[in-house]
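Convert by adding 13 to the 1-based position in the sequence shown; the result is the number in our numbering.
Only one structure is covered here, and it is reproduced in the block below.
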Amino acid sequence: MHVDYEPPPQPPRLDDSPVRRVVGRRVPGAPRGHHDGPAPDSLRALAFLDRINEIGAPEQYPGAATLPRLYDEDFAILALLDRAGLVPATLIGRAVLPGRAPRTVSDRLTKLHRHGLIAQHHTGLREHASSDGRPPLLYSLTRRGMEVAQRREPPAISRRREWRAIEQGRALRLAHDLHALAWGIELHRLVGEAATDHWRTPRYATGRYPVPQVGTVRNRHPLTLTDIELPYKQTILDVDQTRFSEIKPDLSLELRFPSIQLTFDMLLEVDLTSRPSYNRDKLIAYDAFLCGWSLAHPRYRAQGTRPAVVFVCSEARAALALAREADAAMTGRIGAMGTGPEHWYHAGRDHVFFAVEADVHHGELTALALPARPPGLRERLTESRDLELEPVALLPEQLIKANRDRG
Numbered sequence: 014m015h016v017d018y019e020p021p022p023q024p025p026r027l028d029d030s031p032v033r034r035v036v037g038r039r040v041p042g043a044p045r046g047h048h049d050g051p052a053p054d055s056l057r058a059l060a061f062l063d064r065i066n067e068i069g070a071p072e073q074y075p076g077a078a079t080l081p082r083l084y085d086e087d088f089a090i091l092a093l094l095d096r097a098g099l100v101p102a103t104l105i106g107r108a109v110l111p112g113r114a115p116r117t118v119s120d121r122l123t124k125l126h127r128h129g130l131i132a133q134h135h136t137g138l139r140e141h142a143s144s145d146g147r148p149p150l151l152y153s154l155t156r157r158g159m160e161v162a163q164r165r166e167p168p169a170i171s172r173r174r175e176w177r178a179i180e181q182g183r184a185l186r187l188a189h190d191l192h193a194l195a196w197g198i199e200l201h202r203l204v205g206e207a208a209t210d211h212w213r214t215p216r217y218a219t220g221r222y223p224v225p226q227v228g229t230v231r232n233r234h235p236l237t238l239t240d241i242e243l244p245y246k247q248t249i250l251d252v253d254q255t256r257f258s259e260i261k262p263d264l265s266l267e268l269r270f271p272s273i274q275l276t277f278d279m280l281l282e283v284d285l286t287s288r289p290s291y292n293r294d295k296l297i298a299y300d301a302f303l304c305g306w307s308l309a310h311p312r313y314r315a316q317g318t319r320p321a322v323v324f325v326c327s328e329a330r331a332a333l334a335l336a337r338e339a340d341a342a343m344t345g346r347i348g349a350m351g352t353g354p355e356h357w358y359h360a361g362r363d364h365v366f367f368a369v370e371a372d373v374h375h376g377e378l379t380a381l382a383l384p385a386r387p388p389g390l391r392e393r394l395t396e397s398r399d400l401e402l403e404p405v406a407l408l409p410e411q412l413i414k415a416n417r418d419r420g
């Protein structure tokens, strides 16, 4: 008798995450966090900008009917201001005119200002001394600047964008936003073309990730845990969020690796508070997002991978404390019912990293990764809840080296 037998399909490799083939590879040693010698110019500039406590109203010219000749760098400045809001000359120079003298950057900004394309904002400083010189100017995009950028072919700013004035009270968040922007600029400088120009801030709708809507017209509702489509017999447990919430990172960076056909996002969260408990709800929301609904979001469904999330802290001690908070908070897991908890995949923990801000300014993309299992499961399996963080590279070192070799 001949019996056809078809073996059951292999269970899906839940832990085979495309983004993790590139992000978070183990490296010897720990992130330095502390560096001997003087701080880089980029860090010293941020320390000075941290003292801004007053932001004046925009000062702008109407602009003549005839525009001056505008170059690619001019349009890049307009696009930068559209995404970031308020930006000082130092960061504009590092992002758009790297290596140029401050005077050259200033002349470029003066041209754009005098023709009504950008506005100036005077600032006030805490503990302002005569040795500080003049407080730094901030720049923002004007309505005329947006219209000019949108008329370009191809448009420097999406024609779907609508101009809106800078929000009042931005001084309260300015330091935070500038630290996030500076981190993104330094990453772009380190990895070159691997970081695309499709980066976003929460000022853009594409820089925020609302929970997808599902159901028919009458029964339309935000996605819940029971709505998530999973492979046969798989389920999600221990996600500590009854209702999913919007994810709104400080910066969304897109990276592309054509050789392995991989495009993914690196979502940046900057914490200057050094208060781990302040971030607990955010960590729980990210656990639900990464373990639960990220692949149901249209962007990540199209990319075919979860994003990587990097929490950037001001010092090593703060990064360690925040990682410890995340270790306790991020317990979500995916797996097959009936299998032991040691066989389940903790996707949230696997995609979150903790970095010290100074490292990227010193040319290092290092971070700390959580252990694969939460403390309760570690204790059950090994009789120890001890937290051992793994030093990793956020992106391959050879990528940074190749970019340096290209100059």
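C-beta atoms are modelled at their ideal positions from N, C-alpha and C, and glycine is treated no differently.
This structure is a prediction, so every number in the text was calculated from the model and none was measured.
Could you tell me which uninterrupted alpha helix (DSSP H) segments, each at least 4 residues in length, are contained entirely in the region 221-292, listed from first to last along the chain?
none
Given 8 Å, three or more beta-carbon pairs between the region 224-242 and the region 186-196:
no
Just the C-alpha distance for D225 and I260, rounded to the nearest angstrom, thanks.
Going by the sequence as given, residue 225 is Pro instead of Asp. Looking at the two C-alpha atoms, the distance is approximately 11 Å.
Span separating the alpha-carbon of D251 from that of A97
36 Å
Smallest Cα separation from W212: which of L59, R419, L268, R386?
L268
Answer yes if the region 121-132 comes into contact with the region 151-169, meaning at least three C-beta pairs across the two stretches below 8 Å, and no otherwise.
yes
Beta-carbon proximity of A342 to D300, cut-off 9 Å:
yes
Residue from A162, F324, G376, H48 whose Cα sits closest to the Cα of Y84
A162
Please specify which runs of the beta strand (DSSP E), each continuous and at least 3 residues long, are wholly inside the region 53-109, giving them in chain order.
65-68
Helix, strand or coil, according to DSSP, for Q413 in the structure here?
Note on residue identity: the sequence assigns Ile, not Gln, to residue 413. Three-state DSSP puts I413 in a helix.
Option in E403, V373, G376 with minimal Cα separation from F366:
E403
For the candidate residues L91, P101, F270, R319, whose alpha-carbon lies nearest to that of A422?
Residue 422 is absent from the model: the chain starts at 14 and stops at 420.
Which word fits P289, buried or exposed, when buried means at least 16 other C-beta atoms lie within 10 angstroms of its C-beta?
buried
Given L187 as reference, the closest of E72, P149, R362 once Cα atoms are compared
P149
Measuring straight from C-alpha to C-alpha, what distance separates G205 and R417?
9 Å
By alpha-carbon positions, which one of S30, T103, R39 ends up nearest to P409?
R39
Residue span of the beta strand (DSSP E) that contains T379, given as start and end:
379-382
Any idea if H356 is buried or exposed, counting beta-carbon neighbours within 10 angstroms, 16 or more meaning buried?
exposed
Please list, in chain order, all residues of the same chain as P387 whose beta carbon is under 6 Å from its beta carbon, the five residues on each side excluded.
T344
Would DSSP call V405 helix, strand or coil?
strand
Name the residue from E166, Y245, E140 whose alpha carbon lies nearest to the alpha carbon of L62.
E140
As assigned by DSSP and simplified to three states, the class of I198:
helix
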